[in-house]
Structure formats: structure tokens, C-alpha cells
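Numbering (this note's numbering), first residue to last: 269 to 409. Glycine included, C-beta positions come from ideal geometry on N, C-alpha and C. What follows is one structure encoded as C-alpha cells, with my remarks underneath.
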Amino acid sequence: MTSPGIYHLFVYGSLRSGFRSLSYEYVSHFFHLISDAKVKGKLYDLDSYYGAIPTQDDNFIIGELYEINEQNEFSWAIGQLDDYEGVNVESDEMQLYRRAITEVYFDNKVVNAWIYWYSGDVNGKPVIASGDLLKYIQEKK
269 MTSPGIYHLF
279 VYGSLRSGFR
289 SLSYEYVSHF
299 FHLISDAKVK
309 GKLYDLDSYY
319 GAIPTQDDNF
329 IIGELYEINE
339 QNEFSWAIGQ
349 LDDYEGVNVE
359 SDEMQLYRRA
369 ITEVYFDNKV
379 VNAWIYWYSG
389 DVNGKPVIAS
399 GDLLKYIQEK
409 K
């Protein structure tokens with residue numbers, strides 16, 4: 269699932285630079301950071317991981333906006349991230365995340381980008397009020 273002309277990626281969790289995870293190293297190899305950014309949505313603490321769902325109200329998720337380095341590598345690079353995020357699952361597995369296009373706000377601009385939204389149930393799960401996962405994790409320590 270790709271859309272011609274959309275080569276941006278918005279990340280809010282382990283793919284962010286502040287996590288310095290192996291998955292971030294992958295992102296930084298194929299994508300370059302454009303700016304800190306935000307999207308309309310709510311971020312949830314799901315116990316051992318985190319997930320975001322889209323909203324139309326003024327709740328924002330804080331993250332980073334990236335752009336692919338080489339457009340001809342986009343399908344392959346995003347496919348690898350789909351595998352990492354559990355988008356591509358076997359018939360007996362539950363898809364935890366889905367990749368979709370969303371509006372990203374940064375530097376008084378708006379651009380469309382891919383994001384990984386949580387596909388599961390968030391009822392009863394705590395909302396991360398700041399919308400900033402790095403800040404939330406630091407405050408929990």
C-alpha cells in the first residue's frame with residue numbers, strides 16, 4: 269500500500285531519534301529528518317508498548333517528520349517498516365498497527381505523510397496527555 273507522491277513519514281514512538289533504537293537507525297539510513305512535528309490524534313499507554321489513534325479535535329501527538337532520501341527506494345523501505353510495525357501479519361495473527369496517510373503540522377506548514385495508527389482497542393487504557401512519548405517515558409522514570 270503506497271500512494272504516489274507521498275514520500276514523508278511521521279513517527280511518534282520507537283522510530284523517533286530520541287529513542288536511539290535499532291529501528292531509528294534503520295529510519296535514519298533511508299529517511300532524513302525534516303522537522304519536529306505533530307498530528308491530530310491521541311497517544312495511549314498500552315502497558316508494554318504505545319499506540320496512537322486519529323482524532324478530529326485539537327489533541328496532538330508530538331513526533332518527527334521524515335522524507336525518503338531516494339524516492340525509488342520508498343516502497344522497499346516502507347515495506348520493511350510495515351514488517352517492523354506488524355502491518356503484514358499471518359492469517360492467525362492480529363494486526364496491531366495500520367499504515368495510513370495523515371496531515372502533519374510543522375513550521376506553520378501542513379504536509380501529508382504516512383503514519384502507523386494503532387488498530388486495537390484503547391478502551392480503559394491511559395491517554396498520554398502531553399502527546400509526547402519521549403516526555404512521558406522520562407516523567408515515568
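Quiz item: Leaving out five residues before and five after Glu353 in sequence, what residues of the same chain have Cβ atoms less than 8 Å from its Cβ?
Solution: Counting from 1 along the sequence shown, the entry for residue 353 is found at position 85. Hits under 8 Å: Leu364, Tyr365, Arg367, Tyr384.
Practice problem: Indicate whether Gly331 and Tyr386 have their beta-carbon atoms separated by less than 9 Å. | Solution: What you label residue 331 is simply residue 63 of the sequence shown in a count that begins at 1. What you label residue 386 is simply residue 118 of the sequence shown in a count that begins at 1. Their beta carbons are not under 9 Å apart, which means Gly331 does not touch Tyr386 by this criterion.
Exercise. Under 8 Å by Cβ, that's how I've got Phe374 and Leu333 pegged, so tell me the actual separation to the nearest angstrom.
Key: Residue mapping note: residue 374 aligns to position 106 of the sequence shown, counting from 1. Residue mapping note: residue 333 aligns to position 65 of the sequence shown, counting from 1. Yes, they are in contact, since the Cβ atoms of Phe374 and Leu333 sit about 5 Å apart, within 8 Å.
Quiz item: What whole-angstrom Cβ distance do Leu283 and Tyr292 have, given they're in contact under 8 Å?
Solution: Within the sequence shown, residue 283 is the residue found at index 15, counting from 1. Within the sequence shown, residue 292 is the residue found at index 24, counting from 1. Yes, Leu283 and Tyr292 are in contact; Cβ-Cβ is about 6 Å, under 8 Å.
Quiz item: What span of residues does the alpha helix (DSSP H) with Leu401 cover, start to end?
Solution: Locating residue 401 in the sequence shown gives position 133, counting from the first residue. Here the alpha helix (DSSP H) through Leu401 covers 401–408.
Practice problem: Can you grab the Cα-Cα spacing for the pair Ser285 / Pro394, in whole Å? | Solution: Against the sequence shown, residue 285 aligns to sequence position 17. Against the sequence shown, residue 394 aligns to sequence position 126. Roughly 24 Å separates the two Cα atoms.
Quiz item: Which term fits His276, buried or exposed, when burial requires 16 or more other beta carbons within 10 angstroms of its beta carbon?
Solution: Locating residue 276 in the sequence shown gives position 8, counting from the first residue. Buried, since its Cβ has 16 or more Cβ neighbours within 10 Å.
Quiz item: Under a Cβ-count criterion, where at least 16 other Cβ atoms within 10 Å of its own Cβ denotes burial, should Lys409 be classed as buried or exposed?
Solution: Translated into positions along the sequence shown, residue 409 becomes position 141. Label assigned to Lys409: exposed.
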